[in-house]
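**Student:**
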Ligand SMILES: Nc1ncnc2c1ncn2[C@@H]1O[C@H](COP(=O)(O)OP(=O)(O)O)[C@@H](O)[C@H]1O
Ligand SMILES: [Mg+2]
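Have a look at this one:
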């Protein structure tokens with residue numbers, strides 16, 4: 037069975053609209069019930085009273101029919117009677133059966149009696165239209181009879197149609213009004229959600245959320261603005277501190293190098309110098325990572341293929357051929373230096389793990405682009421695919437780390453940069469073997485025009 041909760045609408049607008057519609061339906065239903073009870077619209081009075089009323093109605097219509105009015109006027113009266121729910125029709129006498137069951141119903145019998153006694157109208161005693169023994173037939177001239185249905189039902193025209201119309205109108209109006217009102221309430225919520233999602237992830241300048249709208253929502257926006265400011269300050273402070281420490285480490289490290297160089301024992305000296313170089317590189321990479329990864333770089337329009345081609349050529353120059361495939365020209369707004377670093381990091385990994393690297397640029401709908409960087413190396417197993425993006429994470433590299441080893445920051449930096457462009461980076465299997473690193477970048481709003 038589907039849990040009831042699953043049937044509930046998900047958005048606030050849908051939920052409240054459903055609530056309002058249910059409330060309106062309940063209210064209208066209850067009101068109708070009360071009206072029916074008060075006015076006894078179904079005529080659930082005593083049978084005697086009912087019989088008298090029916091008889092009076094029949095008598096009036098018969099009198100009308102017998103009056104010296106024109107044919108058209110009489111037809112109009114009949115139509116009006118039908119409209120109010122009195123079922124009456126005109127049939128030739130020859131169309132009536134003599135039916136032994138006719139008039140056996142006590143209610144029909146009493147109406148016929150009243151018609152005779154009070155109104156002097158003689159209904160046919162034992163004749164009725166075929167299959168309708170409870171009909172009352174009153175002959176009006178030698179050839180025809182008026183046929184009445186004994187039970188009076190309220191005409192659908194009279195009750196149902198106006199009710200449907202009124203309820204329908206109420207529902208349409210409430211639905212439209214509530215959708216309009218709820219849009220007004222919920223649209224700030226959607227923009228809050230969007231702002232929270234894009235926090236720290238776009239090239240666009242982050243604007244404070246508008247603190248308009250209903251008070252509760254304005255409070256949420258205010259709190260979020262406040263939190264955003266605090267997070268930003270906190271991150272900036274930490275980053276500055278780490279960068280300062282890393283930077284300051286370099287001075288004593290340089291002194292250490294000078295001292296080591298003056299050592300006599302060649303073996304110890306070379307070992308120390310090697311270590312010092314490693315520490316120095318590590319500090320260098322950490323500083324690169326801690327730099328704002330292009331956050332402050334302006335967004336320029338560049339020709340993406342030539343940018344990628346340049347990177348490929350640089351790898352080719354040092355003996356790692358990298359193939360580019362894609363359009364020859366494709367202007368794209370981005371932070372060129374940062375993006376170059378991201379792509380370089382990913383290609384660098386490819387050259388470390390596989391014999392060949394291919395870069396495929398494919399333009400996407402709405403001005404986005406996709407850059408697939410593939411190699412034929414061992415690939416990265418599924419469970420490690422999130423881990424490799426963590427700073428300082430190094431997997432079991434195919435080659436010993438001393439050869440061209442990094443410090444596990446390459447992918448972290450690449451992802452940071454891509455996310456700062458509002459995009460994302462994903463790791464996919466490359467067929468038949470190897471890894472494809474897929475960078476997707478949405479269209480950027482450029483901060484300045486500068487075609488290179
Ligand atoms: N193309 C690749 N094929 C196989 N493994 C890879 C590839 N790229 C990255 N990795 C794995 O992800 C880890 C993290 O990569 P990265 O952040 O660039 O750090 P580093 O290159 O300094 O080790 C690498 O140590 C390696 O194990
Ligand atoms: Mg790397």
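Residue numbers (the working numbering): 37 to 488.
Glycine included, C-beta positions come from ideal geometry on N, C-alpha and C.
Just so you know, these numbers come straight off a predicted model, no measurement behind them.
(1) Identify the continuous alpha helix (DSSP H) that holds residue 143 and give its terminal residues.
(2) Does the beta-carbon of residue 547, which I'm using as the reference point, lie nearer than 7 angstroms to any heavy atom of ligand 2?
(3) Taking just the CA atoms, how far does residue 120 sit from residue 74?
(4) Which value, in whole angstroms, describes the spacing of the CA atoms of residue 108 and residue 126?
(5) Cβ of residue 384 versus every heavy atom of ligand 2: is any distance shorter than 7 angstroms?
(6) Suppose you measure from the CA of residue 129 to the CA of residue 178; what does that come to, to the nearest Å?
(7) Locate the alpha helix (DSSP H) running through residue 109, then write down its first and last residues.
(8) Excluding sequence positions up to five away, which residues of its chain have a Cβ less than 6 angstroms from the Cβ of residue 348?
(9) What is the C-beta distance between residue 453 and residue 377, in whole angstroms, given that I count them as a contact (C-beta under 8 angstroms)?
(10) Under the criterion of a Cβ to heavy atom distance below 7 angstroms, does residue 392 qualify as lining ligand 1?
(11) What does a CB cutoff of less than 7 angstroms around residue 292 pick up in its chain, not counting 5 residues either side in sequence?
(12) Relative to the alpha-carbon of residue 282, which residue among 372, 474, 319 has its alpha-carbon at the smallest distance?
(13) For residue 435, which three-state DSSP category applies?
(14) In whole angstroms, what is the alpha-carbon distance linking residue 437 and residue 260?
(15) Between 165, 295, 62, 217, which lies nearest to residue 50 when the distance is taken from Cα to Cα?
(16) Just how far apart, CA to CA, sit residue 316 and residue 286?
(17) With a threshold of 16 other CB atoms inside 10 Å of the CB of residue 248, please say whether the residue is buried or exposed.
(18) Let's see if you can read the secondary structure: which residues bound the beta strand (DSSP E) around residue 337?
(19) How about residue 411: is its Cβ closer than 7 angstroms to a heavy atom in ligand 1?
(20) Return yes when the C-beta of residue 355 is under 7 angstroms from any heavy atom of ligand 2, and no when it is not.
(21) Measuring alpha carbon to alpha carbon, tell me which of 479, 443, 447 ends up nearest residue 459.
(22) Could you name each continuous alpha helix (DSSP H) segment of 4 residues or more that falls completely within the segment 275–301, going from the start of the chain to the end?
(23) Quick one: using the 10 Å Cβ neighbour count with 16 as the cut-off for buried, is residue 336 buried or exposed?
(24) In angstroms, rounded to a whole number, what distance separates the CA positions of residue 435 and residue 481?
**Tutor:** This is what the structure gives:
(1) 142–155
(2) What is shown of the chain runs 37 to 488, which leaves residue 547 out entirely.
(3) Distance between the alpha carbons of residue 74 and residue 120: 20 angstroms.
(4) One C-alpha to the other measures close to 14 angstroms.
(5) True, at least one ligand heavy atom lies under 7 angstroms from that Cβ.
(6) Counting only the Cα atoms, residue 178 lies some 8 angstroms from residue 129.
(7) 107–119
(8) The beta carbon of residue 348 is closer than 6 angstroms to those of 358, 360 in its chain, skipping five residues each way along the sequence.
(9) 6 angstroms
(10) no
(11) The beta carbon of residue 292 sits closer than 7 angstroms to those of 312, all from its chain and outside the five residues before and after it, given in chain order.
(12) 319
(13) Note that residue 435 scores a pLDDT of 48, beneath 50, so its modelled location is shaky and nothing firm can be said.
(14) In this prediction, residue 437 scores a pLDDT of 45, lower than 50, which makes its location untrustworthy; the coordinate-derived value is nonetheless stated afterwards. Approximately 44 angstroms between the Cα atoms of the pair.
(15) 217
(16) 7 angstroms
(17) exposed
(18) 336–339
(19) yes
(20) no
(21) 479
(22) The segment 275–301 contains no whole alpha helix (DSSP H) run of 4 or more residues.
(23) buried
(24) Any reading at residue 435 is ruled out, since the residue's pLDDT is 48, under 50, leaving its predicted position unreliable.
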